[in-house]
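*Asks:*
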Ligand SMILES: Nc1nc2c(ncn2[C@@H]2O[C@H](COP(=O)(O)OP(=O)(O)OP(=O)(O)O)[C@@H](O)[C@H]2O)c(=O)[nH]1
Ligand SMILES: [Mg+2]
């Protein structure tokens, strides 16, 4: 069995990753003709939206057999370059033996080049650099080499090659370097089976789960337990060979396999020992509400988005009442989600404006009580709750100050459920977090159990009573306690030419940023600071002019901070438990 080399092709958007993948496949004899991104005919940009837009959205795998004595199977993972799809790159990083970082001979080092370079160094992935597009007018590989030495620390060691994906110039040398310079994974069958899920597709037969095998061997009919999921049987198996995916009896360490039968699988799931932890990228703090073109398709849109979220775990769905909101990295992602819903599910949607996702933190202590049959309480239950702030990052804790045996466990659980539901929308409509809710009072009417008497809801408490009371009481307590709306603040890492440092600092000041450190370098200054996430878009739109396109910005969520101006409000969906009388009228037992 041949060794495998799982090779990531990474770069800033448009540097030529997909074109280079196509050329490598062609040179290796995998393709009869070289496809073109511009004509929408490449192997790895296979989704309609990718072909139409000419950008890569999802990572794709294509393989060839290298011209080396071992007949190494090179599995190319062609990744997206647009920052909205950085999550795809993050997932790819966890499975690589090596990488080719592509640069344009005209544009040189671009912001995403630096972001990806840092991630590759952090994870110690052996990397070749390829300066592409040397055929283009304005190409200056020597300038780009100097740029690389200056802006990609550590690049003096892993080799820099140059050429053109379009003409094929220099690509044979790159192919040779891939096998001679980058380490491959020998077939590893002895150890315990281990692997990680890095991609999921769906077709009419169900999920296709892409796994990078780290060790051991896996066969059809084996039962596999992914961490945190139930054990499932592998019902189908393909492995990547030169020539693409082929049905196989077993997959072994080093290989990329596509498994069927694992219905519970999600991207990022793993099995067995020795997993690589990838961090450094962060969840999105933007969101937009998805509006179905026809209201009655809301259910279908929700179901479709749930499936998409499985393939892209960072499409986090939030539903509040009738509204479906998705979390986002940026505007292009909206367009891609809309296209996917149209193409795969025949559903037309639009998006409302993108907003940042705030949270609410509890300010003081508040307490409220509803008692059975007192003051118009229509529910057969007594619930008293106290809410108070808890340390940042601790989430919501529910505790009991009443005896655990005072009520059936289901009634406590229903109270907690109501509490958590109500805290999804605080006084300003944002998720309330970092608090402790303590149940101080409880009471219920026991189930009628006399002979000949059937269960009678009119005289017996049910879980619904406590779900409703939990919402009403915690909302009243929260009103007393008060909340502070907090907005996401990003940690920014910004590199600019030192000549324009003053202007950049002034801009950051105007946008409400705080500079924490500055590191002067060779002609450039790198600074770290904090900036409210709402201002990132303003920063990225003004930087190119200010810095002659020389700025390199990376940003990630750092913390939440109280908003200093008028707090943004998110429209409440559904009845407000703070309006007690109305709630009692509209939510009958
Ligand atoms: N002249 C020239 N154009 C190239 C070369 N390689 C790619 N291109 C063009 O550059 C554009 C982007 O190429 P892609 O291969 O889609 O780049 P990419 O890095 O995969 O882009 P994303 O996946 O969207 O980040 C297309 O118009 C290509 O035809 C090259 O070597 N020379
Ligand atoms: Mg591409």
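Residue numbers (our numbering): 14 to 602.
Even for Gly, the Cβ is constructed at its ideal location relative to N, Cα and C.
Treat the numbers as computed from the prediction; the structure is a model and nothing was measured.
1. Which residues bound the beta strand (DSSP E) around residue 477?
2. Kindly identify the DSSP beta-bridge partner or partners of residue 499.
3. Less than 7 Å between the CB of residue 31 and some heavy atom of ligand 2, yes or no?
4. Can you tell me whether residue 45 is buried or exposed, with buried defined as 16 or more other CB within 10 angstroms of its CB?
5. Ordered along the chain, which non-local residues of its own chain (more than five positions away) have a Cβ less than 6 Å from that of residue 128?
6. Are the beta-carbon atoms belonging to residue 36 and residue 47 less than 8 Å from one another?
7. For the beta strand (DSSP E) that residue 249 lies in, which residues bound it at each end?
8. So, under 8 Å CB-CB, residue 144 and residue 118 are touching, yes? Tell me the CB distance rounded to an integer number of Å.
9. So residue 238 and residue 246 are supposed to be a Cβ contact under 8 Å. How far apart are they, rounded?
10. Indicate the three-state DSSP secondary structure (helix, strand or coil) for residue 96 in the structure shown.
11. Quick one: measure Cβ to Cβ for residue 269 and residue 74, integer angstroms, because I've assumed they're closer than 8 Å.
12. Less than 7 Å between C-beta atoms, sequence neighbours within five positions excluded: which residues of the same chain meet that for residue 254?
13. Can you give me the start and stop residues for the alpha helix (DSSP H) that residue 347 sits inside?
14. Distance, Cα to Cα, residue 229 vs residue 96?
15. With 16 other CB atoms within 10 Å as the buried threshold, where does residue 577 fall?
16. Under 8 Å: do the segment 529-546 and the segment 478-486 share three or more Cβ pairs, one atom per stretch?
17. Around the Cβ of residue 284, are there at least 16 other Cβ atoms within 10 angstroms (buried) or fewer (exposed)?
18. Which residue or residues does DSSP assign as beta-bridge partners of residue 543?
19. Relative to the C-alpha of residue 242, which residue among 258, 551, 210 and 547 is closest?
20. Just grab the DSSP bridge partners of residue 398 for me.
21. Buried or exposed, going by whether 16 or more other CB atoms sit within 10 Å of the CB of residue 19?
22. Spell out whether any CB of chain D is found under 8 Å from the CB atom of residue 551.
23. Would you mind stating whether residue 256 and residue 272 have Cβ atoms separated by less than 8 Å?
24. With burial defined as no fewer than 16 other Cβ atoms inside 10 Å of the residue's Cβ, what is the status of residue 390: buried or exposed?
25. Do residue 54 and residue 30 have their C-beta atoms within less than 8 Å of each other?
26. Sort 538, 443, 393 and 595 by Cα distance to residue 163 and report the nearest one.
27. Give the range of the beta strand (DSSP E) segment to which residue 91 is assigned.
28. Out of 305, 208 and 511, point me to the one whose CA is closest to residue 223's CA.
29. Have a look at 525, 370, 324 and 315 and flag the residue whose alpha-carbon is nearest the alpha-carbon of residue 332.
30. Any contact between the segment 587-594 and the segment 544-560? By contact I mean 3 or more CB pairs, one from each, below 8 Å.
31. Can you look up residue 392 in the DSSP assignment and give me helix, strand or coil?
32. Quick check for students: name the residue ranges of the alpha helix (DSSP H) that lie wholly in the segment 119-152, counting only runs of 4 or more.
33. Beta strand (DSSP E) containing residue 208: first to last residue?
*Replies:* With the given structure in hand:
1. Element bounds for residue 477: not the beta strand (DSSP E) but the alpha helix (DSSP H), 476-494.
2. 372 and 575
3. yes
4. exposed
5. 567
6. yes
7. 249-254
8. 5 Å
9. Contact flag wrong, Cβ pair sits at about 11 Å.
10. helix
11. 6 Å
12. 76 and 86
13. 344-358
14. 35 Å
15. exposed
16. no
17. buried
18. 504 and 527
19. 210
20. 381 and 452
21. buried
22. The structure shown contains no chain D; it holds only a single protein chain.
23. no
24. buried
25. no
26. 538
27. 86-91
28. 208
29. 315
30. no
31. coil
32. 124-135
33. 207-216
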